[in-house]
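The sequence shown runs 1 to 264 under full-length UniProt numbering. The beta-carbon is built from N, C-alpha and C at its ideal position, and this holds for glycine as well. The structure appears right after this line, and notes come after that.
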Amino acid sequence: MSPLAHDDPAAAHAAHAAHAGGSGSLAGRVALITGGSSGIGRAYAQALSAEGAKLVLVGRSEDRLRQVADTLPGETRVVAGDVADYSVSVEAVRVAVDEFGRLDDVLANAGLYIGGDFADTDPGTMEQLVSVNVFGAMATVRAALPRLIEQGSGDVLVTSSVSGHQDIHWEPVYSATKHATQSFVHTLRRQLVGTGVRAGAIGPGVVLNELWGFAEGADGVDQKVGDRTGIRSEDVAEAVLFMLTRPRHVTIRDLVILPTDQEI
1 MSPLAHDDPA
11 AAHAAHAAHA
21 GGSGSLAGRV
31 ALITGGSSGI
41 GRAYAQALSA
51 EGAKLVLVGR
61 SEDRLRQVAD
71 TLPGETRVVA
81 GDVADYSVSV
91 EAVRVAVDEF
101 GRLDDVLANA
111 GLYIGGDFAD
121 TDPGTMEQLV
131 SVNVFGAMAT
141 VRAALPRLIE
151 QGSGDVLVTS
161 SVSGHQDIHW
171 EPVYSATKHA
181 TQSFVHTLRR
191 QLVGTGVRAG
201 AIGPGVVLNE
211 LWGFAEGADG
221 VDQKVGDRTG
231 IRSEDVAEAV
241 LFMLTRPRHV
251 TIRDLVILPT
261 DQEI
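In structure tokens form, the structure reads like this:
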């Protein structure tokens with residue numbers, strides 16, 4: 001498994017586009033997605049764009065972001081930078097408002113992974129992981145939240161993990177960051193009661209993408225899906241679409257999505 005850690009998105013993208021029928025359930029909405037150049041973030045971009053949303057994608061590589069943007073049916077802007085730098089989130093919100101006039105959905109998805117024995121974990125890598133997974137998510141939400149509160153509507157969805165719902169001993173640092181994510185989302189949601197802004201988290205298990213060492217189109221993905229020991233990034237994106245499209249009187253605070261035969 002890569003210490004800093006894709007799928008074939010074409011079929012899922014085509015299915016979403018066909019379902020959208022030219023308008024889509026998210027028509028008129030503007031979404032900001034971090035970690036949008038690969039894995040779950042790229043699947044979010046494909047799913048939301050196919051449903052009519054305009055997007056601002058954030059990631060560290062402008063070239064990779066543009067490669068994703070070029071495949072999407074809807075209007076998309078890209079902002080290159082590290083979410084651990086608060087100014088990147090400020091710029092992404094500015095681009096959304098200046099280019100599209102509003103911001104509705106914030107998908108704080110960017111994240112890194114390390115596992116293994118804590119005694120052997122490099123402190124620098126540990127610091128980077130915490131900066132991206134915890135501060136990066138908070139920074140993204142903090143930059144966007146005043147605008148959402150001002151307009152009295154919007155959704156904040158943070159990509160967490162099943163590791164945030166239980167202590168997983170083979171990934172203590174990663175699990176700790178996702179526990180922090182869960183605490184952040186739960187307390188934030190309570191602060192937002194009465195504002196019209198919803199907050200929730202999605203907690204995947206094993207997702208067969210770069211984070212878990214599966215490059216886009218990699219051998220073995222179909223087998224693990226068939227074995228029910230892994231899910232695709234597109235499966236997570238479909239669940240997020242469900243969360244975003246609930247009636248406004250409904251909030252899905254937590255959605256845990258696992259491979260059927262993941263023993264956890």
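Query: DSSP on PRO204, reduced to helix/strand/coil?; Result: strand
Query: How many whole angstroms separate the CB atoms of VAL221 and PHE214, which I take to be in contact at a CB cut-off of 8 Å?; Result: 6 Å
Query: Pair every Cβ in the stretch 90-108 with every Cβ in the stretch 116-130, then say whether three or more of these pairs are closer than 8 Å.; Result: no
Query: Have a look at the DSSP bridge pairing and note the partners of residue 323.; Result: Residue 323 lies beyond the stretch modelled for the chain, which goes from 1 to 264, so this question has no answer here.
Query: Is it right to say ARG29 is buried, meaning 16 or more other beta carbons lie within 10 angstroms of its own, or is it exposed?; Result: buried
Query: Are ILE40 and VAL207 closer than 8 Å when you measure CB to CB?; Result: yes
Query: Do you know how far the Cα of VAL90 is from the Cα of THR257?; Result: It should be pointed out that residue 257 corresponds to Ile in this sequence rather than to Thr. C-alpha separation (whole angstroms): 31 Å.
Query: Identify the residues that DSSP records as bridge partners of VAL158: which are they?; Result: ALA108, ALA201
Query: Do you know whose CA, among ARG228, ALA80, GLN46, lies nearest GLY74's CA?; Result: GLN46
Query: Consult DSSP for ILE33 and reduce its assignment to one of helix, strand or coil.; Result: strand
Query: As an exercise, report each continuous alpha helix (DSSP H) stretch of at least 4 residues that is fully enclosed by the stretch 202-255, in chain order.; Result: 221-226, 233-244
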